[in-house]
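What follows is a set of notes on a single structure, which appears directly below.
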Amino acid sequence: MAKSIDVSDVSIYYGDFKAVEDVSMTIKAKSVTAFIGPSGCGKSTFLRTLNRMHEVIPGARVEGKIVVDGQSLYDPTVDPVEVRRRIGMVFQRPNPFPTMSIYDNVLAGNRLNSKKIKKSEADEIVERSLRGANLWNEVKDRLGKPGMGLSGGQQQRLCIARAIAVEPEVLLMDEPCSALDPISTAAIEDLIHELKSDYTIVIVTHNMQQAARVSDDTGFFNLKAAGRPGHLVEFNPTKQMFTNPDNPDTEAYISGRFG
Amino acid sequence: MSAAELNTVPSATSFSHVRLPRLAPLMVIVPALAFGALLTLLLSWNWVACPILAFVLTIIALPSWSLVVENRRAATNRLVTCLVWGAILVALVPLVWVLAQTVVKGAPELSGSFLTHDMTQHLDPVTFKMLPGAGVAHALVGTLLITLGAAVISVPIGLMTAIYLVEYGRGKRVARWITLLVDVMTGIPSIVAGLFAAALFTLIFGIGTHSGIMGSIALSLLMIPTVVRSAEEMMRLVPMDLREASYALGVPKWRTIVKVVIPTSLGGIITGVTLAISRVIGETAPLLVAVGSLDVMNHNLFSGRMQTLPVYILTEYKKSTPQDYDLAWAGALLLIIIVMILNLLARVVGKIFAPKTGR
């Protein structure tokens, strides 16, 4: 069920401002792809175009082509809601629904899509998703408690459980560990390794070691200058990226000599 | 800095300064009050002069004392503290006064018979004498029905307007116009709302129409802007993160609004609605124009005049007999009690529906 994504010549605009320019890449199915680069270079913006979350912001639009499983995401006949159902997303800050319990948070995607599910089926989805997110053992005795009562790392894993409960084909992660301590980060990295066998994962990170640890392919985004659009400098297998990059800018950024 | 300098100007370098005693404010206020009382008695002024005199004495004496003993900044601090406390007391006086007056004058009349009868004559079951009407039941029922009608009209309209403004109209010209019109509506004099309802029904049903629903419409004109404003503010407080989390799960926008945005802000919305209700429940002018006044019970919101509490108070007051003054006070007390209950309810409900963060 995991799908590959083909991106060709994508430019992203906020109103008149061009945020990202001419990105082309192929994201492989059942692998982890990491995006690295300085702040404001458009990694997150690009990630959000992959499930049409970008257009939630007024004035935002996309040019170019993104093809998932032979279907163009930006075809006029495509329903963005359907796209988001099949390409899930985890955000930088954990954002469980404050009015819902842990149990209801996991089921939110299924429930809010007005699917009628039986109690036994619901229980099964909750347990499978929470186990999938490595959270089951910590919360199985308090599924009825509010999701906001968990620690930051647990909340983020709850959000991952919520995202995988709807069984998406692709999982996008926008700096999922930036608000977490090292132990929670390690837990989520382990989780990414496990999820790789079932999902196509795209992760944005500021942590280069993290990109090196979890990803198979890495894309390096950069800005030519302040106020200019961001662009993809290099897209290569992670091993090559961190040992023998094609582009001197990539090497400068990865080795910390950035400027 | 040399040791000699340290000895001569200790205050410039050390953290500790001479302070007034902790009870200094009290030590000024009590003598000031005593002096004021004494002067008022001696010169046989009106007793209002006493607190005013005491206040003036305090704001002169306390800062001056502080200026001599402490420093300039501390003196300014004490002066402003005095002014702020003075303002609070001035603001509290009418509130406490009105409450106390209403309770003292209204409480004796507030009885079971008062709450269950209207103003028609009735037979005393013990003495078998005809008693003049002395009840508020018809006004109580009228107020509750008319206000309920107003809420039923204005809550859906207000809530939907707020949803449009927050979720769909962001930055659009229509939304800016609606916001402006809502602001203008906030400033409509209440009697104009009553005249509007009267004119509307005259146009449709002919001259001389009176019914409870006209009052509801007049009150809803006053309620809608408050409901829109409070619901709008509450829904804006819902973080964008939550909407995005919902969209990212493939939830359509309308379900996101119904299942995520509204539940998250429900506590605040209910509080806002309740406060809007307690704001219009005491309106007199529009009800007098649109609904009129009546001495007997009328349950039917859609036909004929009805009595309401504010109009009841006015009617009894205009009769100008001691007995009717008492009834007016009791009516006023009842109105205050209803508003208080509504406010308490709003707090409780707001707490219940507030997003839960605890473990």
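If you read the sequences in order, they're chains A and B.
Just so you know, our numbering puts the end of the first sequence at 259, numbered straight through with nothing missing.
Just so you know, our numbering puts the end of the second sequence at 618, numbered straight through with nothing missing.
Glycine is no exception: its CB is placed at the ideal position from the N, C-alpha and C atoms.
All values derive from a computational prediction rather than experimental measurement.
Beta-carbon separation of residue i and residue j under 9 Å?
i                 : j                 : result
Ala-507 (chain B) : Gly-59 (chain A)  : no
Asn-113 (chain A) : Gly-509 (chain B) : yes
Leu-172 (chain A) : Leu-50 (chain A)  : yes
Glu-21 (chain A)  : Ser-8 (chain A)   : no
Ala-161 (chain A) : Leu-130 (chain A) : yes
Ile-422 (chain B) : Gly-526 (chain B) : no
Val-202 (chain A) : Ile-66 (chain A)  : no
Ser-479 (chain B) : Ala-410 (chain B) : yes
Val-550 (chain B) : Gly-345 (chain B) : no
Glu-189 (chain A) : Arg-213 (chain A) : yes
His-376 (chain B) : Gly-392 (chain B) : yes
Leu-462 (chain B) : Met-473 (chain B) : no
Ser-215 (chain A) : Thr-243 (chain A) : no
Pro-511 (chain B) : Thr-99 (chain A)  : no
Gly-230 (chain A) : Ala-19 (chain A)  : yes
Pro-176 (chain A) : Gln-156 (chain A) : yes
Asp-249 (chain A) : Ser-44 (chain A)  : no
Gly-153 (chain A) : Thr-185 (chain A) : yes
Val-570 (chain B) : Leu-601 (chain B) : no
Gly-40 (chain A)  : Leu-223 (chain A) : yes
Ala-504 (chain B) : Val-517 (chain B) : no
Val-328 (chain B) : Leu-279 (chain B) : yes
Leu-418 (chain B) : Ala-490 (chain B) : yes
Ala-544 (chain B) : Ser-449 (chain B) : yes
Asn-95 (chain A)  : Cys-159 (chain A) : yes
Val-32 (chain A)  : Asp-217 (chain A) : yes
With a 10 Å radius around its C-beta and 16 neighbouring C-beta atoms as the bar for buried, classify residue i as buried or exposed.
i                 : result
Ser-24 (chain A)  : exposed
His-276 (chain B) : exposed
Val-268 (chain B) : Note that Val-268 (chain B) scores a pLDDT of 49, beneath 50, so its modelled location is shaky; the value from the coordinates is reported in the next line. Result: exposed.
Ser-303 (chain B) : exposed
Asn-305 (chain B) : exposed
Gln-240 (chain A) : exposed
Ser-261 (chain B) : At Ser-261 (chain B) the pLDDT is 47, less than 50, meaning the model places this residue with poor confidence and gives no usable figure here.
Leu-358 (chain B) : exposed
Leu-404 (chain B) : buried
Leu-285 (chain B) : exposed
Asp-16 (chain A)  : exposed
Leu-351 (chain B) : exposed
Ser-562 (chain B) : exposed
Trp-588 (chain B) : buried
Lys-3 (chain A)   : buried
Arg-606 (chain B) : exposed
Gly-147 (chain A) : buried
Could you tell me which residues DSSP puts in a beta bridge with residue i?
i                 : result
Thr-26 (chain A)  : A:Asp-6
Ser-266 (chain A) : Past the edges of chain A, shown from 1 to 259, lies residue 266 (chain A), and the structure says nothing about it.
Ile-36 (chain A)  : A:Phe-220
Lys-18 (chain A)  : A:Tyr-13
His-381 (chain B) : B:Leu-390
Gln-71 (chain A)  : A:Val-68
Thr-200 (chain A) : A:Val-170
Could you please give the first and the last residue of the uninterrupted alpha helix (DSSP H) stretch that includes residue i?
i                 : result
Leu-508 (chain B) : Here Leu-508 (chain B) belongs to no alpha helix (DSSP H), and DSSP marks it neither H nor E.
Leu-568 (chain B) : 568-578
Gly-152 (chain A) : 152-165
Ile-273 (chain A) : This structure gives no information on residue 273 (chain A), because the portion of chain A shown stretches from 1 to 259.
Ile-422 (chain B) : 396-422
Ser-44 (chain A)  : 43-49
Glu-426 (chain B) : That residue, Glu-426 (chain B), is in no alpha helix (DSSP H); it is neither H nor E in DSSP.
Glu-194 (chain A) : 182-195
Leu-282 (chain B) : Note, Leu-282 (chain B): premise wrong, no alpha helix (DSSP H); not H, not E.
Cys-341 (chain B) : 331-365
Met-599 (chain B) : 581-612
Pro-311 (chain B) : The displayed chain sequence assigns Ile, not Pro, to residue 311 (chain B). Unbroken alpha helix (DSSP H) run through Ile-311 (chain B): 308-328.
Glu-251 (chain A) : 248-254
Gly-453 (chain B) : 449-464
Leu-440 (chain B) : 432-445
Ile-125 (chain A) : 119-132
If I follow the unbroken beta strand (DSSP E) through residue i, where does it start and stop?
i                 : result
Val-67 (chain A)  : 60-68
Gly-230 (chain A) : 230-237
Report the neighbours of residue i on chain D: residues whose CB is nearer than 9 Å to its CB, in chain order.
i                : result
Arg-84 (chain A) : Looking for chain D here will not work: the only protein chains present are A and B.
* Report the residue ranges of all alpha helix (DSSP H) runs contained in full by the stretch 492-554 of chain B; include only those spanning at least 4 residues, in chain order. => 499-507, 512-515, 521-539, 544-549
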